[in-house]
Every structure is written in structure tokens, then in C-alpha cells.
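Numbering (UniProt numbering), first residue to last: 1 to 302.
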């Protein structure tokens, strides 16, 4: 399936025109998606009918061990030996979902934040995401999935990626609003943030890796690793793409935004005694003193 369909672009423009910038994100769930959250019941409704239950963060934490790996779809994945990844340790982002059941036997979770991935790669999701899988999905992704095939969600375990700046069902929050939240950390400029309670929302920062990191650090006891988080080579085909069939990536343009969130997260991780380890030898993270560990590098054939 192609990129976001034309009717979604019309809805996006129309919602902004009629509701203004502070509520433009209503387009993420309009029309038809509702999210009901309470102490007893949390569920996703589409056109008034329940399509999925929402799980809490503990479902993720109880499943993982001391280390959590955030696995992106950068070209460097081609040069990695992933056989050494611990069971239930990897959060697979977007196209890295294609590794599930293959180079990564069973991941900890998958994460998709941009609905365009759903429109392009629904077949991958259907093939690779098994019943019972933990799925970190944004509001827009849930609505897109419901538009296409709402029954697909029924046997998945869904954890919501809710944009803390533009939360479901509420107006956009200002920096002053964010400063009042006890579970939020902001950098000095207020441009980058980190949520200590991902259940109540996370900061979106130019890549789903930023969102996934807030979940990972909530769970990890000793280490968060980064594989395929390259950024530096965003113009090249992702590891699962070919030169003639490559989707546009805005990740290089968002490098500054991504990095400022990761640098803040690294500071918070250090306070908790959790190490960040980069396993991509070409990652833009190298420029920001994240270092490089060759643990997963393919070894030369003897």
C-alpha cells in the first residue's frame, strides 16, 4: 500500500483550519477512534465498538531483563550479527519489525509511531507481528490500523504512545504546562524533554527511537543499547529496502532534535546507573560521545 492516502491529508488540513494549532492533533484520532482510560478499564474503540484493550507499562517491564535494545532500520543492521541478543530484549522500530521471527527470534516489543508506516507496510505487520505481541502504537497508528483492518488489533497487547505535548483528548501543552508535571524532565531551553512515566505520555522527538527510549529506560536495569540507529546515512536504503524502492526519510533533517532528546535521556540514565551503548559504527551518535561497541559486529570469515 502507498503513503498516507489523500483523504488523510485533507482531514489534517481541515482540522487545523477549523480547530486551530492547539487542537490540530485531533486529526490523529478523527474520525472514529476513541480511547477510554480509567483505573479499571483501558481500551480502544473504533466507531463505538471495542477493538483492543490497552495494557500498562508493567506488561513491558515484567517481560524484559537487565538490558533493553532499541533496534532501528538503519543500513548498519546489515553488518550486525543479532544472534547474541538476549530473549525478549529488543524493541523493534518500524521496518526492523521484519527481523522478528528471523534474525531476532522473539522481540520484547515493536514500536510504530508514524501512520505512514502502516499505510506502506501493513503486509509486514500482518506477517511478522504474532498474536500476543507487545505493540507500542501511537494514536494515529491505531486509527490508521482501524481504518484498514480493525480486527487485526484484537489479539495484540497494545501500549499507547501518547504525545505528551499533544495528548489525546486535550489541547496542546505549553512549556509552562509541561514544567508543572512531576514526571517530566526538560532541558534548559525547554526544547527537549523526557517522561519518567511513559504511561502518562512521552516526548516525541523526530524519531520513534526517542519515544521507545522512554519506555526502555523505564524498564531497563543496567543497559539500553542502540542498534541500527544510524541517522548519518538516512539517504541510503534502509536495511530491508532496495535502491529502487526507498521511502523518504526525514530523520537526517531531524538529527538535532533527536540528539537533544537522547543527550537528556543519557543524563537521566546516568543518574539511575543505566548505561547507554551504541552498536552502530556509522551512527551520528558517535559525534555526541556515545562511543561504539563492536559486540554485534559481523566477524570476518576465517
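Yeah, the Cβ is synthetic: ideal placement off N, Cα and C, and Gly gets one too.
Rounded C-alpha distance that separates residue i from residue j
i           : j           : result
residue 100 : residue 127 : 10 Å
residue 90  : residue 204 : 20 Å
residue 260 : residue 192 : 6 Å
residue 175 : residue 88  : 36 Å
residue 215 : residue 208 : 11 Å
residue 33  : residue 139 : 8 Å
residue 298 : residue 164 : 39 Å
residue 9   : residue 15  : 10 Å
residue 198 : residue 92  : 17 Å
residue 135 : residue 153 : 10 Å
residue 189 : residue 251 : 22 Å
residue 86  : residue 67  : 8 Å
residue 49  : residue 162 : 21 Å
residue 69  : residue 227 : 7 Å
residue 36  : residue 28  : 15 Å
residue 12  : residue 125 : 25 Å
residue 280 : residue 289 : 13 Å
residue 1   : residue 146 : Any reading at residue 1 must be qualified, since the residue scores a pLDDT of 45, below 50, and its modelled position is unreliable; the value itself is stated next. C-alpha separation (whole angstroms): 15 Å.
residue 194 : residue 173 : 14 Å
residue 196 : residue 182 : 9 Å
residue 253 : residue 300 : 34 Å
residue 177 : residue 258 : 22 Å
residue 19  : residue 202 : 23 Å
residue 283 : residue 47  : 43 Å
residue 83  : residue 206 : 29 Å
residue 123 : residue 294 : 33 Å
residue 65  : residue 219 : 8 Å
residue 5   : residue 180 : 38 Å
residue 98  : residue 239 : 10 Å
residue 151 : residue 26  : 23 Å
residue 120 : residue 7   : 15 Å
residue 62  : residue 103 : 23 Å
residue 17  : residue 31  : 16 Å
residue 278 : residue 57  : 25 Å
residue 137 : residue 22  : 22 Å
residue 292 : residue 266 : 15 Å
residue 38  : residue 24  : 25 Å
residue 156 : residue 296 : 30 Å
residue 232 : residue 42  : 39 Å
Helix, strand or coil at residue i [DSSP, three-state]
i           : result
residue 44  : strand
residue 287 : helix
residue 227 : strand
residue 262 : helix
residue 268 : helix
residue 193 : strand
residue 276 : strand
residue 308 : In the structure as shown, the chain starts at 1 and stops at 302, and residue 308 therefore has no counterpart that could be examined.
residue 50  : strand
residue 162 : coil
residue 172 : coil
residue 282 : coil
residue 104 : strand
residue 117 : helix
residue 1   : Per-residue confidence for residue 1 stands at a pLDDT of 45, beneath the threshold of 50, marking its modelled position as unreliable; the derived number appears in the next sentence. In the structure shown, residue 1 sits in coil (DSSP, three-state: anything other than H, G, I, E or B).
residue 209 : helix
residue 133 : coil
residue 200 : helix
residue 251 : coil
residue 89  : coil
residue 151 : helix
residue 188 : coil
residue 297 : strand
residue 111 : strand
Contact belief for residue i with residue j at Cβ below 8 Å, rounded distance in angstroms
i           : j           : result
residue 113 : residue 141 : 7 Å
residue 3   : residue 116 : 6 Å
residue 44  : residue 158 : 7 Å
residue 160 : residue 109 : The pair is not a contact, with the Cβ atoms about 13 Å apart (cut-off 8 Å).
residue 217 : residue 269 : 6 Å
residue 210 : residue 262 : 7 Å
residue 212 : residue 105 : Between residue 105 and residue 212 the Cβ distance is about 19 Å, and since that is not below 8 Å, they are no contact.
residue 230 : residue 95  : Actually they are not in contact, since the Cβ atoms of residue 230 and residue 95 sit about 12 Å apart, beyond 8 Å.
residue 264 : residue 200 : Actually they do not touch by this definition, with Cβ atoms about 18 Å apart.
CB contact below 8 Å: residue i versus chain D
i           : result
residue 163 : Of the protein chains in this structure there is only one, and it is not chain D.
*Count the C-beta pairs between the segment 46-55 and the segment 73-84 that are closer than 8 Å, then say yes if the count reaches three, no if not.*
no
*With a cut-off of 8 Å, do at least 3 Cβ pairs link the segment 118-134 to the segment 166-174?*
no
*asked:* Would you call the segment 272-286 in contact with the segment 212-230, where contact means no fewer than 3 C-beta pairs closer than 8 Å?
replied: yes
*Enumerate, from N- to C-terminal direction, the unbroken beta strand (DSSP E) stretches of 3 or more residues contained entirely within the segment 3-43.*
33-37
*If you scan the segment 55-83 from start to end, which runs of the alpha helix (DSSP H) of 4 or more residues do you find wholly inside it?*
58-61
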